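J.: My structure is below; once you've seen it, I'll send some questions.
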Amino acid sequence: RFRVNFVDPSAGDESPSDLHSGGHHHYYYDTHTNTYYLRTFGHNTMDAVPRIDHYRHTAADLGEKLIRPSLAELHDELDKVSGPRGGPRGGGVPGTAGPLPSIPLLGAERVKFGWIKGVLVRCMLNIWGVMLFIRLSWIVGQAGIGLSVVVIAMATVVTTITGLSTSAIATNGFVRGGGAYYLISRSLGPEFGGAIGLIFAFANAVAVAMYVVGFAETVVELLKENGTLMIDEMNDIRIIGAITVVILLGISVAGMEWEAKIVLLVILILAIGDFVIGTFIPLDSKKAKGFFGYKAEIFMENFGPDFRNEETFFSVFAIFFPAATGILAGANISGDLADPQSAIPKGTLLAILITTLVYMGIAVSVGSCVVRDATGNVNNTIITELTNLACVVTILYFLMFFFLKKQQQKQQQKTHSETKFFYFAPKIFQALCKDNIYPGFQMFAKGYGKNNEPLRGYLLTFLIALGFILIAELNVIAPIISNFFLASYALINFSVFHASLAKSPGWRPAFKYYNMWISLVGAILCCIVMFVINWWAALLTYVIVLGLYIYVTYKKPDVNWGSSTQALTYLNALQHSIRLSGVEDHVKNFRPQCLIMTGAPNARPALLHLVHAFTKNVGLMICGHVHMGPRRQAMKELSTDLAKYQRWLIKNKMKAFYAPVHAEDLRDGGQYLMQAAGLGRMRPNTLVVGFKKNWRQSDMRDVETYINLFHDAFDIQYGVVVIRLKEGLDISHLQGPSSPLNLADQRLLDASSQFQKKQGKSNIDVWWLFDDGGLTLLIPYLITTKKKWKECKIRVFIVYLQNFHFKCLKNSIAAFEEMIEPFRLHEDDKEQEVADKMKEDEPWRITDNELELYKTKTYRQIRLNELLKEHSSTANVIVILPVARKGAVSSALYMAWLEALSKDLPPILLVRGNHQSVLTFYS
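The sequence shown lines up with residues 1 to 923 when you count with full-length UniProt numbering.
As structure tokens, this is what we get:
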């Protein structure tokens, strides 16, 4: 898809391409012994020059993947990249302990196919088949010349649009084994790919039965003419078909060389030529069988339809359509074509044109030469000579069509064997099973021998084909295949439309003569034709596809193919985010969008699950993690943790984002997150933190940082929620190697999972003491909308605050004074200079003046705790968060208030909105 010109002025007469593809094996990091880098840049460098092998995804048939130097290896300090990684002074590959074996450059060793041998011949061999010889004349007899041409033209329109779509997908990158399954799954994702993979593999297995039954019909016809039927026509078809499919199973395992395919194509062309010549040689012996040569009267009589035996136009179309399939044979091996961008469109579309003209020509010839009712058998309008030749052609055609074709190419420089697979059931099914989309079918992924033959797939396909051969009715089998092929073609066309609509930078097919809207029309046309052919079979197909889609979606296979579904999801999210940014906020649409300071998300699961209870499917939830310490180490942890913990959130069905930052301390990190987290209108508006349970034992500088986080949130107009469990929140110390737990740790572990359980008929008590805008009421309402909390009842308490603090118990006041004693300054007992110095060095200390000034507020917290214990000792409690004036209340006193308010209670949320209304009683 890109044309690259290599320029090396210093190379003299040496071809520039030799620098990349001939005879010189080197390591990309070798900057001292390899002169290519020196001649290219004038000095030695670790930087690798552009090379296609750096862009390969796997080490499969397409070549071996090379790894360019990482940015860290080029950018970090030189003395840090040492040891086994080698660097400029080393002799090893980054990440390994020894020298790298030389990399073979596969591009020069492969024999690539041209558009005729690689695409045209393959497509024509797959399109021409049993329908050409034993059903096309029947179709003309039923539909007449005019409608037969329309039938062929309709099939051609479907296959041409699909051919254009296939050309676009196939020229967007290499296509490996799996045919339609690979095209659809890598374009639309595993959900549609997995569904169509099973259906298409099944359709190809049934196609085997169709071709075998067609062959058996021809043989039985010959036996009938000679009076040598074994039992009767139906059972003879079954017997001959069963014997044939057993023989073909052996042939498929043995394989077929390329030369045999050429012979088959020559025989097919000779058979068609034999028919054309025969139409110009009228004989009296042929008239008894209805052949009179070209006559205008016969042409006019046969031009119109004469449907019999309850046949209709669309039932005839359903029987013919499998004759138009096989257009993907060339696209399936795009990696083995010399110029796939040119070969696939040219070969596929030309094959469709040639085969369509042949089908139409034979239809017109049959209608011009043969009468409908010469013998009373509408299937016996072809001359005996052609019928005998059709028998030979049909059996040889099976050798090409069934299962798997193998070929070996010997190279001049080095022997290199490759396996080329056509587009049939065992290989499609094996490719599907290798992706492990359906774990129950994993046994069929196993291959045998040097060519990874799907022997188990052969056996399964054999059994399916044998089952349908027992139907022994070609006209019954063909519509089944038509339905499944049309479903596959519909999804191929939709894949192109979807990829174009998603506007992914990765969608850049070299084939430009496609149109996304024509592809959409092709997909709709396929769906309409499915319904017209057989509405109940079409519904059944859709139900199967939908069922498989839902199953794969539910199972969520661990694959990432960069599908257009992902690209369109991103595009929709981007467009809606931009659109949302232009919408003004409204109180009715307010929702809490929470930034949770969790650290590692799995360290505080109770905090995560409780917030998830009121943000799931309602609001944004971001798990903030502040990395502190040396910057270099933190930067490495950021990238690894981002992927690790986002996967953890998804695995645990948490609808949340993980946002790590590096900062000097928690406060700086919190400021970074509060200012920068989110996108447009999807930004946090509520800070959620866990209560610092060990604050009295901690360094008071850390407590100061913790309290300043609240002040910063209020400055940025955030609401604040503090969650406290009396057992604690942090279980990170319990996640190491398993060891016996003490009683406290066991209680902590049990408490960490309490919000994952159904809460039953309990109460959520809301102590709404001050008007904060309504956040204190909104959160409990949102919690009760969730399934685990729906049986809980909300009780709202409003306290008359005037003089109620005088009722505090003396022992509660004494306990509070004892708690704050270590943090008091006692400036009245010290000299003024000493007290001022101490207050400057330790601003968190509680002064006597401060304690007296806020005595009423202190008693209020103590009294509230007593009331909470009295009325809400068994409830989940939500209480308004007291606000401390910044710069006036010390951190120690504020923490003491929170401690006094929330101690010895059930799970409690201390909530304070940003004093902007989040509730309204207007509709």
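Ideal Cβ placement from N, Cα and C applies to all residues, glycine included.
What you are looking at is a predicted structure, and each value in this text was computed from that prediction instead of being measured.
Tell me lysine 793's beta-bridge partners as DSSP assigns them.
T.: Looking at the DSSP assignment, lysine 793 forms a beta bridge with Asn763.
J.: Beta-carbon separation of threonine 279 and glycine 522 under 8 Å?
T.: Cβ atoms of threonine 279 and glycine 522: not closer than 8 Å.
J.: Relative to the alpha-carbon of glutamate 866, which residue among Phe429, Leu893, Glu852, Asp904 has its alpha-carbon at the smallest distance?
T.: It is Asp904.
J.: Report the rounded CA-to-CA distance for phenylalanine 462 versus alanine 600, giving the unit in angstroms.
T.: Going from the Cα of phenylalanine 462 to the Cα of alanine 600 covers about 54 Å.
J.: Report the option in Phe770, Thr348, Gly304 whose CA atom is closest to the CA atom of valine 121.
T.: Answer by Cα proximity: Thr348.
J.: Could you tell me the boundaries of the beta strand (DSSP E) in which phenylalanine 657 lies?
T.: Element bounds for phenylalanine 657: 657-662.
J.: Are the beta-carbon atoms belonging to isoleucine 327 and isoleucine 352 less than 8 Å from one another?
T.: It is a contact, given that the beta carbons lie within the stated cut-off.
J.: Please state the DSSP three-state secondary structure of residue 924.
T.: The requested residue 924 is not part of the displayed model; the chain covers only 1 to 923.
J.: Thinking C-beta only, is leucine 666 closer than 8 Å to tyrosine 706?
T.: Yes, the pair counts as a contact, with Cβ atoms nearer than the cut-off.
J.: For a quick check, are the C-beta atoms of alanine 323 and glycine 114 less than 8 Å apart?
T.: For alanine 323 and glycine 114, no; Cβs fall outside 8 Å.
J.: Is residue 951 helix, strand or coil by DSSP?
T.: No answer is possible for residue 951: the residues shown for the chain start at 1 and end at 923.
J.: Per DSSP, isoleucine 880 forms a beta bridge with which residues?
T.: Bridge partners of isoleucine 880: Val911.
J.: Return the Cβ separation of isoleucine 533 and phenylalanine 317 in integer angstroms, given the expectation that the two are a contact with Cβ distance under 8 Å.
T.: Yes, isoleucine 533 and phenylalanine 317 are in contact; Cβ-Cβ is about 7 Å, under 8 Å.
J.: Pull up the distance between the alpha-carbon of phenylalanine 307 and that of glycine 273, whole angstroms please.
T.: Their backbone Cα atoms lie some 29 Å apart in a straight line.
J.: DSSP three-state call for proline 88: helix, strand or coil?
T.: The pLDDT assigned to proline 88 is 40, lower than 50, so where the model puts this residue is not dependable, and the model offers no usable value.
J.: May I ask you to report which of helix, strand or coil DSSP gives tyrosine 448?
T.: It is a strand residue.
J.: Using alpha carbons as the reference points, say which of Asp373, Leu125, Pro906, Ile243 lies closest to valine 266.
T.: Nearest option by C-alpha distance: Leu125.
J.: Alpha carbon to alpha carbon, how far is aspartate 730 from serine 739? Give it in angstroms, no decimals.
T.: Going by the C-alpha atoms only, they are around 17 Å apart.
J.: What does the Cβ neighbour count give for valine 543, buried or exposed, with the cut at 16 atoms within 10 Å?
T.: That one is exposed.
J.: Per the contact definition of three or more C-beta pairs closer than 8 Å, is the segment 223-241 in contact with the segment 485-493?
T.: Flag = no, the segment 485-493 and the segment 223-241 do not touch.
J.: Could you tell me how far apart the beta carbons of arginine 372 and glycine 118 are, in whole angstroms, since I believe they sit closer than 8 Å?
T.: Actually they do not touch by this definition, with Cβ atoms about 42 Å apart.
J.: Which residue comes first and which comes last in the beta strand (DSSP E) that contains methionine 621?
T.: First-last of the beta strand (DSSP E) with methionine 621: 621-627.
J.: With DSSP run on the structure shown, which of helix, strand or coil describes phenylalanine 291?
T.: Phenylalanine 291: strand per DSSP, three-state reduction.
J.: Looking at C-alpha atoms only, which residue of Glu791, Thr784, Gln754, Arg795 is the closest neighbour of tryptophan 767?
T.: Here the closest residue by C-alpha is Arg795.
J.: So, are the CB atoms of valine 496 and isoleucine 196 less than 8 Å apart?
T.: The answer is no: Cβ separation not under 8 Å.
J.: Please name the residue or residues paired with threonine 686 in a DSSP beta bridge.
T.: According to DSSP, which records beta bridges pairwise, threonine 686 is partnered with Cys594, Gly719.
J.: Buried or exposed: which applies to proline 907, given that a residue is buried once 16 or more other Cβ atoms fall within 10 Å of its Cβ?
T.: The residue in question, proline 907, is buried, as its Cβ has 16 or more Cβ neighbours within 10 Å.
J.: Identify whether valine 543 lies in helix, strand or coil by the three-state DSSP scheme.
T.: Three-state DSSP puts valine 543 in a helix.
J.: Starting from the Cα of isoleucine 362, find the closest Cα among Leu136, Val877, Ile199 and give me that residue.
T.: That would be Leu136, whose Cα lies nearest to the Cα of isoleucine 362.
J.: In the DSSP assignment, what are the bridge partners of valine 370?
T.: Bridge partners of valine 370: Phe291.
J.: Quick one: using the 10 Å Cβ neighbour count with 16 as the cut-off for buried, is tryptophan 897 buried or exposed?
T.: Counting Cβ neighbours within 10 Å, tryptophan 897 comes out buried, since at least 16 surround it.
J.: What first and last residue would you give for the alpha helix (DSSP H) that runs through arginine 579?
T.: Start and end: 564-581.
J.: Should isoleucine 134 be listed as close to the ligand COA, given that the test is whether its C-beta is under 7 Å from any heavy atom?
T.: As far as ligands go, the structure on display features none, and thus does not contain the ligand COA.
J.: Leucine 74 by DSSP, collapsed to three states: which one?
T.: Leucine 74 falls in the helix class under three-state DSSP.
J.: Which residues mark the beginning and the end of the alpha helix (DSSP H) in which leucine 898 is found?
T.: Note, leucine 898: alpha helix (DSSP H), 891-902.
J.: Between which residues of its own chain and leucine 147 is the CB-CB distance below 7 Å, once the five residues before and five after are set aside?
T.: Contacts found: Pro305, Phe313.
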